[in-house]
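Peer 1: I have a structure here, written as structure tokens, and I will follow up with some questions on it.
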Amino acid sequence: MTRFPYDQFAKEFLEELLKPLGEVKAPREVKGEVRQIDVWFAPVLPTRADALPLGLLGLFAATPALFEPFRNPATVTEICNCILKLLELRGELQREANRNQERLLEEKLPKLWIITPTVSESIIRGFRGILDEENWGSGVYFLADHFRTAIVAIHQLPRTEETLWLRLLGRGRVQEQAIDELQKLPRSNSLRSIALRLVTNLNANLQTSENIDEDDRRLIMKLSPLYVQWEQEAQKQGQRMVVENLLTVRFGTLDEQLATIIQPILELPSQEYASLLLQLSNLSREELLARFNSNHS
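The following block contains the structure:
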């Protein structure tokens, strides 16, 4: 895939999903020779990992973290550059602690998560990466402890709900399967809405890109109907907000009884829907409830 659309998608994707949990900077510069961390994350408060809706990604976000996602398999040089960013950032944090005459606590040191679709056995051996399947499952290779670094091989992750948000950053069949799973999530899932918006943005960016490969073409075909679905859902959500706001303004509050008639209002034929909204200021609460209660009794 052309690198820019994917880089933009991966950074925005991680930023949007992690934003509710803490401070996110995408990118974040480190001093010395100018380098940019793709995504920097710092949790606001210690968070119970089992309470996070992000599954494995939520576990990664339990501590300060650097995220470096790759569309193509990360090379030895690219992995070394990521580790260099981590070490430079650690030096920056240490200097700041020294200026403030503070001790740099272990829990404030960031971890580095290198997210790559695949990784060769020779690279894992070269970095002495080891699995901890009991605690992290397959596909997450940890380097020596003091490096505070892991290589995440997306295509080796188990196909479970806990890994969905990471598998959306994969490529080919793995990414396509994750998109299918995303569509099947309940529409009430707020993360589903965020992810759908971002993957449809990716589709738009790919379609305007000149240099696309076969993977890109397949992804465009996969995402095009998803874009239409997202537009329709966004339109319905907009209509719901209009009705909710009008009912709140008209009656001062949106209580449980009024909330039950929102969906029936949205299901009205377009002319009836428009007519009702125009008449709303003249209808009493009792008249409105009676109309829809009688229609659904």
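Numbering (our numbering), first residue to last: 4 to 300. No residue lacks a Cβ here, since even glycine has one placed at the ideal position from N, Cα and C. If you're wondering where the values come from, they're calculated on a predicted model, not measured in any experiment.
1. Quick one: what does DSSP say Glu71 is sitting in, helix, strand or coil?
2. Would you report the Cα separation of Glu184 and Arg221, rounded to the nearest angstrom?
3. Cα separation between Ser141 and Pro72?
4. By how many angstroms is the C-alpha of Ala68 removed from the C-alpha of Glu95?
5. Sort Gln240, Ile265 and Gln180 by Cα distance to Thr251 and report the nearest one.
6. With distances taken Cα to Cα, identify the nearest neighbour of Ala64 among Leu17, Glu270 and Ile268.
7. Looking only at its own chain, which residues have a Cβ that is under 8 Å from the Cβ of Ala54, when we skip the five neighbours before and after it?
8. Would you mind reading off the limits of the beta strand (DSSP E) that contains Thr119?
9. Under 6 Å Cβ to Cβ from Ala198, same chain only, skipping five residues before and after it: list those, please.
10. Would you report the Cα separation of Ala52 and Ala181, rounded to the nearest angstrom?
11. Can you tell which of Leu280, Thr263, Asn204 and Thr121 has the C-alpha that lies nearest to the C-alpha of Ala13?
12. Kindly indicate the opening and closing residues of the beta strand (DSSP E) around Arg170.
13. Excluding the five sequence neighbours on either side, which residues of its own chain have a C-beta within less than 7 Å of the C-beta of Leu201, listed in chain order?
14. Using a Cβ-Cβ cut-off of 6 Å (strictly less than) and excluding sequence neighbours within five positions of Lys28, which residues of its own chain qualify?
15. In the DSSP assignment, find the beta strand (DSSP E) that holds Arg190 and state where it starts and stops.
16. Take the Cβ of Gly132 as the centre, count every other Cβ of all protein chains shown within 10 Å, and call the residue buried at 16 or more, exposed below.
17. Assign Arg38 to one of three DSSP states: helix, strand, or coil.
18. So, helix, strand or coil for Gly129, using DSSP?
19. Is the separation between the beta-carbon of His320 and that of Thr121 shorter than 8 Å?
20. Between Ala100 and Pro56, what straight-line distance do the alpha-carbon atoms span, to the nearest angstrom?
21. Given a cut-off of 8 Å, decide if Gly58 and Thr152 are closer than it, judged by their beta-carbon atoms.
22. Tell me the DSSP secondary structure of Glu105 in three-state form.
23. Using the C-alpha atoms, what's the distance from Gly241 back to Pro113?
24. Name the one or two DSSP bridge partners that Ala153 has.
25. Should Asp41 go down as buried or exposed, given a rule of 16 or more other Cβ atoms within 10 Å for buried?
26. Based on Cα-Cα distance, which residue from Val47, Gly61, Leu292 and Glu213 lies nearest to Trp168?
27. To the nearest angstrom, report how far apart Arg31 and Asn103 are at their CA atoms.
28. Which residues mark the beginning and the end of the beta strand (DSSP E) in which Glu26 is found?
29. Tell me whether Asn285, by its Cβ, gets closer than 7 Å to a heavy atom of the ligand GTP.
30. Could you compute how far the alpha carbon of Leu160 sits from the alpha carbon of Val143?
Peer 2: So, from the data block:
1. The sequence position of residue 71 within the sequence shown is 68, counting from 1. Glu71: strand per DSSP, three-state reduction.
2. Taking the first residue of the sequence shown as 1, we reach residue 184 at position 181. Taking the first residue of the sequence shown as 1, we reach residue 221 at position 218. Computed Cα separation, rounded: 17 Å.
3. Position 138 of the sequence shown, counting from 1, holds the residue named residue 141. Position 69 of the sequence shown, counting from 1, holds the residue named residue 72. The straight-line gap from Cα to Cα measures roughly 18 Å.
4. Counted from its first residue, the sequence shown places residue 95 at position 92. Counted from its first residue, the sequence shown places residue 68 at position 65. When rounded, the distance between both Cα atoms is 15 Å.
5. As a working note, residue 251 is residue 248 in the sequence shown. Comparing Cα positions, the closest option is Ile265.
6. Mapped onto the sequence shown, residue 64 falls at position 61. Here the closest residue by C-alpha is Leu17.
7. As a working mapping, residue 54 is identified with position 51 in the sequence shown. Here Ala54 scores only 45 on pLDDT, less than 50, and its place in the model should not be relied on; the value that follows carries that caveat. Here the set comprises nothing.
8. Locating residue 119 in the sequence shown gives position 116, where the first residue counts as 1. Element bounds for Thr119: Lys114 to Thr119.
9. In the sequence shown, residue 198 corresponds to position 195, counting from 1. Result list for Ala198: Leu185, in chain order.
10. Reading the sequence shown from its first residue, position 49 is the one you call residue 52. Reading the sequence shown from its first residue, position 178 is the one you call residue 181. Residue confidence for Ala52 is low, a pLDDT of 46 falling below 50, so the modelled location carries little weight and cannot support an answer.
11. As a working note, residue 13 is residue 10 in the sequence shown. Checking every option, the nearest Cα to that of Ala13 belongs to Asn204.
12. The sequence position of residue 170 within the sequence shown is 167, counting from 1. Unbroken run through Arg170 is the alpha helix (DSSP H), Leu167 to Arg170; no beta strand (DSSP E).
13. Position 198 of the sequence shown, counting from 1, holds the residue named residue 201. Answer for Leu201: Phe12, Glu15, Phe16 and Glu19, listed in chain order.
14. If you number the sequence shown from 1, residue 28 lands on position 25. Here the set comprises Trp43.
15. The count along the sequence shown starts at 1 and reaches residue 190 at position 187. Looking at the DSSP string, Arg190 is not in any beta strand (DSSP E), and its letter there is neither H nor E.
16. Counting from one through the sequence shown, the residue named residue 132 turns up at place 129. Counting Cβ neighbours within 10 Å, Gly132 comes out buried, since at least 16 surround it.
17. In the sequence shown, counting from the first residue as 1, residue 38 sits at position 35. Correct three-state label for Arg38: strand.
18. For the purposes of this step, residue 129 is identified with residue 126 of the sequence shown, where counting begins at 1. Reduced to three states, the DSSP call for Gly129 is helix.
19. With the chain covering only 4 through 300, there is no way to say anything about residue 320.
20. Position 97 of the sequence shown holds residue 100. Position 53 of the sequence shown holds residue 56. Approximately 33 Å between the Cα atoms of the pair.
21. Walking along the sequence shown from the start, residue 152 turns up at place 149. Walking along the sequence shown from the start, residue 58 turns up at place 55. No, the Cβ-Cβ distance between Thr152 and Gly58 is not below 8 Å.
22. In the sequence shown, counting from the first residue as 1, residue 105 sits at position 102. Residue state, collapsed to three classes: coil.
23. Locating residue 113 in the sequence shown gives position 110, where the first residue counts as 1. Locating residue 241 in the sequence shown gives position 238, where the first residue counts as 1. So the two alpha carbons sit approximately 40 Å from each other.
24. Translated into the one-based positions of the sequence shown, residue 153 becomes position 150. For Ala153, which the question treats as bridged, DSSP gives the partners Trp116 and Phe145.
25. Residue mapping note: residue 41 aligns to position 38 of the sequence shown, counting from 1. By the 10 Å Cβ count, Asp41 comes out buried.
26. The residue given as residue 168 occupies position 165 in the sequence shown. Nearest C-alpha to Trp168: Gly61.
27. The count along the sequence shown starts at 1 and reaches residue 31 at position 28. The count along the sequence shown starts at 1 and reaches residue 103 at position 100. If you take the alpha carbons of Arg31 and Asn103, they lie about 22 Å apart.
28. The sequence position of residue 26 within the sequence shown is 23, counting from 1. Where Glu26 is concerned, the enclosing beta strand (DSSP E) stretches over Gly25 to Lys28.
29. This structure does not include the ligand GTP; it has no bound ligands of any sort.
30. Counting from 1 along the sequence shown, the entry for residue 160 is found at position 157. Counting from 1 along the sequence shown, the entry for residue 143 is found at position 140. Rounded to the nearest angstrom, the two C-alpha atoms are 8 Å apart.
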